[in-house]
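Q: Next up is a structure, given as C-alpha cells.
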Amino acid sequence: MIPESFIQEVLNRIDVVDIVDQRVKLKKSGANFVACCPFHQEKSPSFTVSPSKQFYHCFGCGAHGSAISFLMEYDGLTFVESIQLIANQLGLTVPNEQSGGQVQNDYSRLEEVLSMANKFYKKILRETPVSINYLKNRGLSGETARQFQIGFSPNEWQGLQTVFSDYEENVLQAAGLVQRNEKGRLYDRFRNRIMFPILNAKNTIIGFGGRVIDDNEKPKYYNSPETPLFKKSYELYGIPQAKKGIREDNNIIIVEGYMDVISLHQHGITNAVATLGTATTIYHIKKLVRYSKKITFCFDGDQAGREAAWKALNTAIEVIDDQMEFYFLFLPANEDPDTFIKKNSPDKFKTLINNATPLTEFIIRRLTSDNDLRSQEKKIKFLNSFEPIVKKIYSSKYRLFLIKRVSELLSMSQVELEKIIGEKFSEGVNIKIKYAPSTKNTLTAKRKYLLILLSRPDLFEVSDHKCFNGTSIEDEIFIALSNIFNSNNSSFNNSASIFASLSNYLEDKLIVELQTQVMDFGENIDLKTEMELVRSVLQNISSKRIQSEKLSALKNKSLSDLTDEDKEFLKNFKK
Ligand SMILES: [Zn+2]
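Per the numbering used here, the very first residue in the sequence shown carries number 1; after that it's consecutive.
Below, the structure written as C-alpha cells:
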C-alpha cells in the first residue's frame, strides 16, 4: 500500500500537461490545452487539459482524470506503476506502509530477476528435445511459443544457480523463483516444467505458470506464489498479447487456462485472456472493462464449468453498469477451448461466441433449470432464489429489465414484484453517491459552492456544514468532501488531487459531471470573493429555513405555552 499522503504529494507536484504532452501533442487554447482525443476517434479536438485544475476531460467520449489515470489508461499501467513512474520523474522514492525497507519493495529488481530467469528458461527449452516435442504434440507452432515467450525449467534442484551467482540473495525468494525446504536448503520452485511467463499490461514479467510434461506428475499446473508484483486476484494471463485483438473485436473472452489462451491465439482468436487458477474477481472485471465493455466468459460444458460460470456471474453483477455487456459461453461436454478449437474450425468457435448467453438470460435459465414454475410453491421458491441476485445487480437498467422479465414469467405485475422484493437494492461493492441528471439549467448556490471548492480546495471551511444539512446530492457530496479534508493531513492544492480522493465516494458519472462543470469554471473570476458571496447566500437560505422550522413549531404551541423569547421571535418575524 502506498500511503494516501504520498499520492497527494505526487499529484500536488506533477503537471498533468507535461505527462499528457509527452504522449499526445497539446495545443494551447484559452486557459486550457487541447488535442484530438487519444481514447476515441475524432477529427476536431475535444480532449481538454486544464493546467490550473490539473486534470483532463474529453467532451466527446467522457474520458477524464488526473495525471495518474492518464498513465493508467494511455500506457496501460496499474495505479501503483503510474505512481512509481511519476515519482521517478520527480525524483521521489515511493514509501511503503508495510515498510521494513526489505528487498521486497524493490520492484525493479524483482522484475529484473524474473526476466533473467525467463531468458534462462527459454534457452533450456531450445536445448531440451523432450519439451520441444511436448509443445509440438500439443500443436503449438514455434512462432506461438516465441510470441508467448514459453520456456522450460530444467529437472534440477538448483538449476537457476547458473544464472544467479548469489543463489542465496533474498530477491530470488521474494520473486517466487526459489524456496526453502524444512531443512533450510534452497531449491528452484519450478523444475521439469513448461514455463509460461505471466506479463502485465506493460509487457513486464510478474510471475510464471508451470505445467508438467508428464500428466502423471502432480500438480499439473503450478503458479508463482503471491509476491509484491504478482497478485492472482488482480492479474490475468495474456493481456499484452490480446490487446490488439480486443480492440479489433471489441470483446474480451475469459478462459480458464494458459493453454486455452495460447491455442485460441494460434487459431486466430486473439482476444482471449485467462484467470490464474482463481475464480474471476471484481478486480479482474474492472481491469478488463478498461479495454472493452463487452466480456464473454467461456466455460467447459460440464457440471464444474456451470458452477464456475454461476460464480463468475455472481461477481459480474456486482460490477456491471449500464454500458457493460456480459455473456456466458458453454462448450460441449468434455471440451475446453484448446480441444474444441483443434477439433473444430475457428469459425465454429466464433459462432459459439456470437451465440453466447446474455447475463440476464443465464440468470433466468439457471433459476428455471429445475423449476417449471407450475405451482404457487414453485413460484415462491423461484422468487426466493431470484431476490438475492436481483438485489446485487449494480446497474439499474439491468435490474429493471430483469424484474420486467420475471414479472411476465410469474404472471404478476412489475409493481407487485418490486413490492415483494423491496426497494433496497445493491449496497455491495458500489456504495457511492449516485448520479442523478440535473433538471435545472442554471447552477444552484450549493452546486456553485462545490465547484468553487473543487477548483480551490484551500477555501474549505468546516463551519459551512450548517449550510449542507439537507438531502440533495450536493449535501451528500459536501459530507464526502469534509470526510476527505478531515482524514487527510496533507493539503490539497489542486482539483486533480481532490478528485482522486472524491472518486472513492462518488459514482463515476457524477465525477464526470462535476469535472465537466469545473473544467471551465472560474478561470476569469476571483474565486475567493465568489466563495464569500455564495457562502452568504447559503447562510441566508439556511437561517431562513431554521426560522421557518421554528415558526411552524411555535404555531403548534398554545398561546399560554409561549415564552417571552418565543413572543419576541414572532414579533420580529412579522416585520
Ligand atoms: Zn475522447
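C-beta atoms are modelled at their ideal positions from N, C-alpha and C, and glycine is treated no differently.
#1: From the DSSP output, which residues share a beta bridge with T48?
#2: Alpha carbon to alpha carbon, what distance is there between N486 and F382?
#3: Is H267 near ligand 1, going by C-beta to nearest heavy atom under 7 Å?
#4: What I want to know is whether the C-beta of H40 ends up closer than 7 Å to one or more non-hydrogen atoms of ligand 1.
#5: Can you find the residues in the same chain that come closer than 7 Å, C-beta to C-beta, to A583, ignoring five residues on each side of it along the sequence?
#6: Thinking C-beta only, is M195 closer than 8 Å to F152?
#7: Give every residue of the same chain whose Cβ lies closer than 6 Å to the Cβ of E42, excluding the five residues on either side of it in the sequence, and list them in chain order.
#8: So what does DSSP say about Q104, is it helix, strand or coil?
#9: For E143 and P154, what's the separation of their Cα atoms in angstroms?
#10: Spell out the partners DSSP gives A274 in its beta bridges.
#11: Using the Cβ count rule (16 or more neighbours within 10 Å means buried), how would you classify V261?
#12: Contact defined as beta carbons within less than 8 Å: I believe L110 pairs with T227. What is the distance between those atoms, to the nearest angstrom?
#13: Just grab the DSSP bridge partners of V212 for me.
#14: Hey, out of V462, L454 and Q84, whose CA is closest to S501's CA?
#15: Would you say K53 and S495 are within 8 Å of each other, going by their C-beta atoms?
#16: Taking C-alpha atoms, which residue in D336, K448 and D520 lies nearest to V537?
#17: Is F55 near ligand 1 - that is, is its Cβ less than 7 Å away from at least one heavy atom of it?
#18: Where does L533 fall in DSSP's three states?
#19: Express the C-alpha separation of D370 and D215 in angstroms, rounding to a whole number.
#20: When you compare each of G277, I341, E335 and I363 to A316 by their alpha carbons, which one comes out closest?
#21: Q515 lies in the alpha helix (DSSP H); which residues open and close that run?
#22: Is it the case that the segment 392-406 contacts the segment 306-324, given that we only count it when at least three CB pairs across the two stretches are under 8 Å?
#23: Excluding the five sequence neighbours on either side, which residues of its own chain have a C-beta within less than 8 Å of the C-beta of L451, listed in chain order?
#24: List the DSSP bridge partners of K28.
#25: What's the gap between the Cα of L506 and the Cα of P457?
#26: So Y283 is in the beta strand (DSSP E); what residue range does that whole segment cover?
#27: Determine the DSSP secondary structure at V10, reduced to helix, strand or coil.
#28: Is the closest heavy atom of ligand 1 to the C-beta of C298 under 7 Å?
#29: Give the DSSP-derived three-state secondary structure of K218 in the structure shown.
A: By the coordinates alone:
#1: V34 and H57
#2: 47 Å
#3: no
#4: yes
#5: Since the first and last residues shown for the chain are 1 and 575, residue 583 lies out of range.
#6: yes
#7: C36 and G60
#8: Reliability of the predicted coordinates at Q104 is poor, the pLDDT of 36 falling under 50, and the value obtained from them is presented with this limitation in mind. It is helical.
#9: 22 Å
#10: Y237 and V255
#11: buried
#12: 7 Å
#13: R193
#14: L454
#15: yes
#16: K448
#17: no
#18: helix
#19: 37 Å
#20: I363
#21: D508 to M519
#22: yes
#23: L443, L514, Q517, V518, F521 and G522
#24: F33
#25: 17 Å
#26: No beta strand (DSSP E) holds Y283; the alpha helix (DSSP H) holding it covers I282 to L288.
#27: helix
#28: no
#29: coil
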